[in-house]
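Below is one structure, written out as structure tokens; comments come after it.
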Amino acid sequence: MNLLSKYIVTLTRLYGVVHRDVVAEIYNQQNEEQISPQDVEDCFDTSVQEIEKHFTYKEGNYFVHETILVYDDLDDTLAKQAGKPRYIPEMDELMKYMDQFYFYKSEAYNDLYDHVLKYHFDGNEERAEEVCEDAEGMIEVNASFGTVMSTLDNLGVEFNSKQQRDKVKRLVRKLQDNVRLWTNKGHTNQELKDLGYSAAGNASAGNQVLTKKLGRNDPCHCGSGKKYKKCCLDKDQKMKI
């Protein structure tokens, strides 16, 4: 995959939806070669099959992640993004989004991980990772705080006291403020607050959580009963190279 195609894929993964002009602008900021929005369009048309393998599709002048298209959420996402500044990472960080499972691990994420690893899973790194990745993923798709806590319960995070539960609640609320969100143009809620902008609101308890993204810890699509990361993940990623 050529570099411009990678920009289309990674910026779509970071923002959920991105205008072709923005792709050209960011590419030109980070590379000596200068391109036009039409070059971006031509690149997509030439490499459409390869790019669409990465769940990136074209709607008008926008590149859109499949998750948004599946739930007909494009207009709503654009409306929530309106007026917010765009988070633009350095090229090295941006290219990490070629891995469909990459996400920004904030200090808040690491704090939650360290806590559940020590106090709830007796040093079992795999279980701690599963819990924290699922919490992160649910926040990314606007799950309510209560839904995230219920998921932790279902994944075996046990509390021996109210104090223990309250500690994890505080860590989850901190995590909610430090996840990169499509509706924030890639910023976290905390980053927007620090910049003086209104942060994205979290979903109410009754809102449906919309996601089609297959997580590392989900059952594999092949029907083996194993987790995706222990079954077809490597094979699927090699097919996208």
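Position one of the sequence shown corresponds to residue 729 (the numbering used here), numbered consecutively onward.
The beta-carbon is built from N, C-alpha and C at its ideal position, and this holds for glycine as well.
Predicted, not measured: the structure shown is a model, and the values here were computed from it.
Per-residue DSSP class, three states only, for residue i
i: residue 854; result: helix
i: residue 915; result: coil
i: residue 741; result: helix
i: residue 747; result: strand
i: residue 887; result: coil
i: residue 924; result: coil
i: residue 762; result: coil
i: residue 729; result: coil
i: residue 898; result: helix
i: residue 937; result: With a pLDDT of only 39 at residue 937, under the threshold of 50, the placement of this residue in the model should not be trusted, and no figure is reported.
i: residue 776; result: helix
i: residue 872; result: coil
i: residue 734; result: helix
i: residue 768; result: helix
i: residue 881; result: helix
i: residue 908; result: coil
Residues that DSSP places opposite residue i in a beta bridge
i: residue 786; result: 791
Candidates the options, of which the one nearest residue i by Cα
i: residue 970; options: 841, 811 and 844; result: The chain is shown only over 729 to 969; residue 970 falls outside these bounds and no answer can be derived.
i: residue 737; options: 760, 774, 804 and 780; result: 780
i: residue 733; options: 760, 750, 744 and 771; result: 771
i: residue 791; options: 756, 742, 827 and 759; result: 742
i: residue 913; options: 778, 767 and 807; result: 807
i: residue 786; options: 835, 747 and 875; result: 747
i: residue 749; options: 760, 819, 757 and 768; result: 768
i: residue 926; options: 740, 753, 809 and 766; result: 809
i: residue 793; options: 828, 763 and 883; result: 828
i: residue 755; options: 858, 895, 877 and 735; result: 735
i: residue 763; options: 773, 774 and 751; result: 751
i: residue 883; options: 894, 865 and 858; result: 858
i: residue 740; options: 864, 901, 871 and 782; result: 782
i: residue 920; options: 731, 761 and 813; result: 813
i: residue 730; options: 753, 766, 850 and 775; result: 775
Beta-carbon proximity of residue i to residue j, cut-off 7 angstroms
i: residue 915; j: residue 825; result: no
i: residue 784; j: residue 796; result: no
i: residue 918; j: residue 905; result: yes
i: residue 843; j: residue 899; result: yes
i: residue 832; j: residue 908; result: yes
i: residue 856; j: residue 903; result: no
i: residue 879; j: residue 862; result: yes
i: residue 788; j: residue 910; result: no
i: residue 758; j: residue 819; result: yes
Going along the chain, which unbroken runs of the alpha helix (DSSP H) with 4 or more residues stay wholly within the stretch 794-862? 794-798, 802-809, 819-823 and 835-847
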